[in-house]
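Below is one structure, written out as structure tokens; the observations come after it.
Number of protein chains: 2
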Amino acid sequence: MKLREFAQQLGLSPTTVSRALSGYPEVSEKTRKRVAEEAARLGYRPNINAVRLATGRAGAIGVVMGRSGEFHFSEFMGGLAERLGTEDIDILVSPMDDKDPKGEIQLYSRLAVSGRVDAVIVHSPEPNDERIALLHKLGMPFLVHGRSDIDVPHAWLDIDNEGAIRRATSHLIDLGHRRIAMINGRQGRTFSLHRDKGYRDALQARGIAFDPRLVAHGNFTDELGFRFARSFLEQTPRPTAFVAGSMMTALGIYRAARSMGLEIGREVSVIAHDDVFPYLTADNMVPSLSATRSSMRAAGARSADLVLQLLSGRPSEEVHELWPVELILRESTAPPPPERS
Amino acid sequence: MKLREFAQQLGLSPTTVSRALSGYPEVSEKTRKRVAEEAARLGYRPNINAVRLATGRAGAIGVVMGRSGEFHFSEFMGGLAERLGTEDIDILVSPMDDKDPKGEIQLYSRLAVSGRVDAVIVHSPEPNDERIALLHKLGMPFLVHGRSDIDVPHAWLDIDNEGAIRRATSHLIDLGHRRIAMINGRQGRTFSLHRDKGYRDALQARGIAFDPRLVAHGNFTDELGFRFARSFLEQTPRPTAFVAGSMMTALGIYRAARSMGLEIGREVSVIAHDDVFPYLTADNMVPSLSATRSSMRAAGARSADLVLQLLSGRPSEEVHELWPVELILRESTAPPPPERS
DNA sequence: GCGACAATTTAAAACGGTTTGGTAAAATTC
DNA sequence: GAATTTTACCAAACCGTTTTAAATTGTCGC
Numbered sequence: 001m002k003l004r005e006f007a008q009q010l011g012l013s014p015t016t017v018s019r020a021l022s023g024y025p026e027v028s029e030k031t032r033k034r035v036a037e038e039a040a041r042l043g044y045r046p047n048i049n050a051v052r053l054a055t056g057r058a059g060a061i062g063v064v065m066g067r068s069g070e071f072h073f074s075e076f077m078g079g080l081a082e083r084l085g086t087e088d089i090d091i092l093v094s095p096m097d098d099k100d101p102k103g104e105i106q107l108y109s110r111l112a113v114s115g116r117v118d119a120v121i122v123h124s125p126e127p128n129d130e131r132i133a134l135l136h137k138l139g140m141p142f143l144v145h146g147r148s149d150i151d152v153p154h155a156w157l158d159i160d161n162e163g164a165i166r167r168a169t170s171h172l173i174d175l176g177h178r179r180i181a182m183i184n185g186r187q188g189r190t191f192s193l194h195r196d197k198g199y200r201d202a203l204q205a206r207g208i209a210f211d212p213r214l215v216a217h218g219n220f221t222d223e224l225g226f227r228f229a230r231s232f233l234e235q236t237p238r239p240t241a242f243v244a245g246s247m248m249t250a251l252g253i254y255r256a257a258r259s260m261g262l263e264i265g266r267e268v269s270v271i272a273h274d275d276v277f278p279y280l281t282a283d284n285m286v287p288s289l290s291a292t293r294s295s296m297r298a299a300g301a302r303s304a305d306l307v308l309q310l311l312s313g314r315p316s317e318e319v320h321e322l323w324p325v326e327l328i329l330r331e332s333t334a335p336p337p338p339e340r341s
Numbered sequence: 001m002k003l004r005e006f007a008q009q010l011g012l013s014p015t016t017v018s019r020a021l022s023g024y025p026e027v028s029e030k031t032r033k034r035v036a037e038e039a040a041r042l043g044y045r046p047n048i049n050a051v052r053l054a055t056g057r058a059g060a061i062g063v064v065m066g067r068s069g070e071f072h073f074s075e076f077m078g079g080l081a082e083r084l085g086t087e088d089i090d091i092l093v094s095p096m097d098d099k100d101p102k103g104e105i106q107l108y109s110r111l112a113v114s115g116r117v118d119a120v121i122v123h124s125p126e127p128n129d130e131r132i133a134l135l136h137k138l139g140m141p142f143l144v145h146g147r148s149d150i151d152v153p154h155a156w157l158d159i160d161n162e163g164a165i166r167r168a169t170s171h172l173i174d175l176g177h178r179r180i181a182m183i184n185g186r187q188g189r190t191f192s193l194h195r196d197k198g199y200r201d202a203l204q205a206r207g208i209a210f211d212p213r214l215v216a217h218g219n220f221t222d223e224l225g226f227r228f229a230r231s232f233l234e235q236t237p238r239p240t241a242f243v244a245g246s247m248m249t250a251l252g253i254y255r256a257a258r259s260m261g262l263e264i265g266r267e268v269s270v271i272a273h274d275d276v277f278p279y280l281t282a283d284n285m286v287p288s289l290s291a292t293r294s295s296m297r298a299a300g301a302r303s304a305d306l307v308l309q310l311l312s313g314r315p316s317e318e319v320h321e322l323w324p325v326e327l328i329l330r331e332s333t334a335p336p337p338p339e340r341s
């Protein structure tokens with residue numbers, strides 16, 4: 001049913017009906033109520049594409065999806081979708097070819113000029129992130145999931161990576177560990193840098209020298225976790241503890257330790273960052289995994305909120321949110337074994 | 001830039017330009033070429049919402065996202081997005097509350113009448129799936145990822161679950177296993193039933209009695225894999241082999257075996273179904289995991305193709321695709337240990 | 001009972017394309 | 001070379017809303 005027919009049945013003009021449904025003030029309460037009731041009864045729904053054309057809004061927010069190692073993605077999306085489900089806003093997913101770093105900026109550019117989205121979410125930013133500069137230049141509203149040091153105002157939601165890893169590392173030091181390895185995320189991403197800093201600061205605070213041979217960077221995969229852990233554990237003296245960037249990395253570390261006959265929670269301690277997945281929980285690993293924890297799904301839901309705020313005019317300079325991270329100690333962390341000499 | 005201005009610059013009418021860009025036959029090759037070139041040069045792009053209003057197409061396909069245990073989701077989405085990226089079609093993600101089974105049908109209903117999507121993808125169907133009946137009734141094009149026995153024509157793409165599990169089970173029998181447990185997916189889903197059938201047929205073909213105490217159903221999580229495997233392994237005599245529904249399930253089984261001091265690949269064999277994840281590979285597990293394998297990402301990409309075919313008018317009765325599944329043997333499968341009496 | 005002002009409602013003009021129903025000019029047929 | 005068809009293009013109507021600008025109705029003070 002079209003607006004015109006619907007209005008005619010009510011004996012009103014399309015204008016008034018449109019306004020009544022959109023909650024404009026210049027329509028009497030009585031009329032508004034009647035319109036709302038009849039709309040429900042007759043099942044009238046405005047044509048979404050006509051609305052979008054007339055208002056100039058796209059009614060969707062864009063999310064770019066990388067190809068590799070994105071197991072966080074569905075949790076974040078889940079949170080986003082959950083929150084946006086109640087609004088009349090869709091989520092538009094664009095795929096990105098990770099192999100072509102130049103393609104990325106083009107993709108964002110296309111997304112912005114295509115007019116298919118009202119806002120964009122930027123993931124895993126770098127300190128000087130081209131995408132942020134671009135979106136700002138194009139005037140496209142966007143929310144950064146993470147942060148950037150770039151000299152361009154941007155709204156962001158981030159977790160306290162630095163604090164989380166500082167606490168995790170400090171805790172390991174408190175337990176008596178001195179050789180602590182870290183398997184971090186991709187080189188160059190802000191969150192990796194923040195984690196690096198948390199790690200180094202914790203060491204420095206206790207007068208432990210930073211050893212570059214104990215730090216690795218890469219995608220969050222089981223495979224890399226294994227390979228790095230393995231190579232670290234082959235050093236002499238070997239590290240007695242690991243700080244891991246993700247659950248998958250931790251799986252790899254567990255595997256590496258086991259393959260070398262080392263017992264986790266006794267000979268090797270591990271703390272990982274857990275984004276909270278329904279299908280793989282730190283509590284259920286053997287031994288259960290100590291973790292810094294922050295829900296990716298919750299971040300997705302909150303991101304949706306913040307984007308809505310941006311779209312309703314809140315200046316991006318105001319939208320900054322830093323979430324604290326829990327540290328949950330379980331069996332995978334313990335004092336180091338007595339030193340053999 | 002608007003069509004009108006652009007056309008004016010070219011000295012053509014909007015009609016001709018529109019047709020040239022959409023590839024209609026009644027415009028000369030020379031003109032078409034000129035229009036295309038100028039469009040690229042001047043950066044003219046039709047307003048997507050105007051196009052959608054005028055054509056009545058939504059320009060998007062809908063995907064419903066469940067809340068729990070959906071680590072396949074991002075891979076499937078990735079494939080979908082990859083293929084659809086080159087078309088002018090978006091992916092619209094709707095969240096579903098798994099806890100409310102009635103909400104699901106309402107969600108599909110809303111999605112169909114909202115006019116926001118031209119087609120829908122239905123996941124994990126049941127033999128008599130309400131969603132399929134609904135979408136058919138509403139005349140909304142849809143593709144089922146999986147299959148249903150329902151008496152309603154529907155396009156589908158599925159993998160040969162039955163054959164895959166039959167082969168996996170047969171292989172375990174060939175190795176000498178007689179007590180083979182199976183940890184399957186959610187009760188009632190078609191793919192679970194197919195896998196059940198493959199399992200039972202393999203047993204029957206070799207005269208092995210089906211033992212309901214060796215079969216479990218549930219979400220694909222590490223936790224359930226662990227719990228079921230644990231309870232099976234506590235039976236006497238205990239199973240010597242497992243068929244697992246997913247990689248996460250396999251992780252749980254590995255954990256259970258380990259927690260009971262049993263060595264995988266010697267005392268217990270495992271074959272799992274692997275949807276191919278970039279962050280967790282069967283080859284890298286210790287011992288490496290034998291698996292039936294079929295790429296979820298490829299299925300997503302192909303699903304996009306099939307949906308496009310449906311939208312261009314191919315009748316859904318014609319769109320059926322059954323993919324074979326590879327069986328890849330690795331270290332987790334071996335003959336059972338000699339029987340102790 | 002009338003002017004002033006506010007509260008409602010409306011007709012008509014966007015929004016930016018596609019598509020229908022033509023019309024000249026060029027090509028073909030006889 | 002006239003009649004017919006084909007080719008290449010165009011003007012105008014249409015898709016279904018929102019929004020601007022104007023008209024109508026209602027309320028109030030005097």
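Chains A and H, in that order, are what the protein sequence lines are.
Position one of the first sequence corresponds to residue 1 (my numbering), numbered consecutively onward.
Position one of the second sequence corresponds to residue 1 (my numbering), numbered consecutively onward.
Don't be surprised by glycine CBs; every beta carbon is placed ideally from N, CA and C.
This one's a predicted model, so the numbers in the text were calculated from it and none came from an experiment.
Check, Outcome
"Cβ pair count under 8 Å reaching 3, the segment 270 to 279 of chain A against the segment 45 to 61 of chain A", "no"
"Close-in-space but distant-in-sequence residues of the same chain around E339 (chain A) (CB under 7 Å, 5 per side omitted)", "none"
"Counterpart residues of S94 (chain A) in DSSP-defined beta bridges", "A:V64"
"Beta-bridge pairing of A291 (chain A) - partner residues as DSSP gives them", "A:A272, A:I328"
"Beta-carbon proximity of A155 (chain A) to E267 (chain A), cut-off 9 Å", "no"
"Which listed residue (H:D158, H:Q204, H:S148) has its alpha carbon closest to that of I173 (chain H)", "H:Q204"
"Paired residues, beta bridge with N184 (chain A) - DSSP", "A:H217"
"Collapsed DSSP secondary structure at L143 (chain H) in the structure displayed", "strand"
"Check whether I165 (chain A) and H194 (chain A) have beta carbons under 9 Å apart", "yes"
"Residue closest to F142 (chain H), alpha-carbon to alpha-carbon, out of H:R330, H:S303, H:E331, H:P336", "H:S303"
"Whole-angstrom distance between G313 (chain H) and D283 (chain A), CA atom to CA atom", "50 Å"
"Euclidean distance between Cα positions of V325 (chain H) and E263 (chain A)", "37 Å"
"Identity of the residues DSSP links to L80 (chain H) by a beta bridge", "Looking at the DSSP assignment, L80 (chain H) forms no beta bridge with any residue, so it has no partner."
"G245 (chain A) at chain H interface by Cβ criterion, 9 Å", "no"
"F210 (chain A) in three-state terms, based on DSSP", "coil"
"Under 7 Å by beta carbon: chain A residues contacting E82 (chain H)", "P95"
"Cutoff 9 Å: L12 (chain H) Cβ touching any chain A Cβ", "no"
"Chain-order list of residues whose beta-carbon lies under 6 Å from that of P345 (chain A) (same chain, five-residue window excluded)", "In the structure displayed, chain A extends from 1 to 341; residue 345 (chain A) sits before or after that span and is not available."
"Which of helix, strand or coil DSSP assigns to E223 (chain H)", "helix"
"Terminal residues of the beta strand (DSSP E) in which V35 (chain A) lies", "Premise fails: V35 (chain A) lies in the alpha helix (DSSP H), 29 to 42, not in any beta strand (DSSP E)."
"CB contact below 9 Å: E267 (chain A) versus chain H", "no"
"Nearest-angstrom beta carbon gap, A119 (chain H) and L311 (chain H) [assumed within contact, 8 Å]", "6 Å"
"Validate contact between the segment 175 to 189 of chain H and the segment 207 to 226 of chain H using beta carbons, cut 8 Å, 3 pairs", "yes"
"Interface partners of N47 (chain A) on chain H, CB under 7 Å", "G115"
"Beta carbon proximity, L143 (chain H) to chain A, threshold 9 Å", "no"
"Partner residues on chain A for V286 (chain H), Cβ-Cβ distance less than 7 Å", "R255, R258, S259"
"Assigned exposure category for D42 (chain H) - 16 Cβ within 10 Å defines buried", "Reading the sequence as shown, one finds Leu at residue 42 (chain H) and not Asp. By the neighbour-count rule (16 or more Cβ atoms within 10 Å), L42 (chain H) is not buried but exposed."
"Buried versus exposed call for E82 (chain A) [16 or more other C-beta atoms within 10 Å across all chains shown]", "buried"
"Test: R330 (chain A) CB closer than 9 Å to a CB of chain H", "no"
"Proximity test, Cβ basis, 9 Å: I248 (chain A) and chain H", "A small fix is needed here, since residue 248 (chain A) is Met in this sequence, not Ile. So yes, M248 (chain A) belongs to the interface."
"The alpha helix (DSSP H) enclosing A133 (chain H), as first and last residue numbers", "130 to 138"
"Of the residues A:T221, A:G185, A:F228, A:R167, the one placed nearest Y199 (chain A), counting alpha carbons only", "A:R167"
"Minimum Cβ-Cβ distance from A60 (chain H) to chain A less than 9 Å", "yes"
"Rounded straight-line distance, which links the Cα of P315 (chain A) to that of I159 (chain A)", "21 Å"
"Cβ neighbour criterion (16 or more within 10 Å) applied to G139 (chain H)", "exposed"
"Short CB-CB distance (under 9 Å) between G185 (chain A) and chain H", "no"
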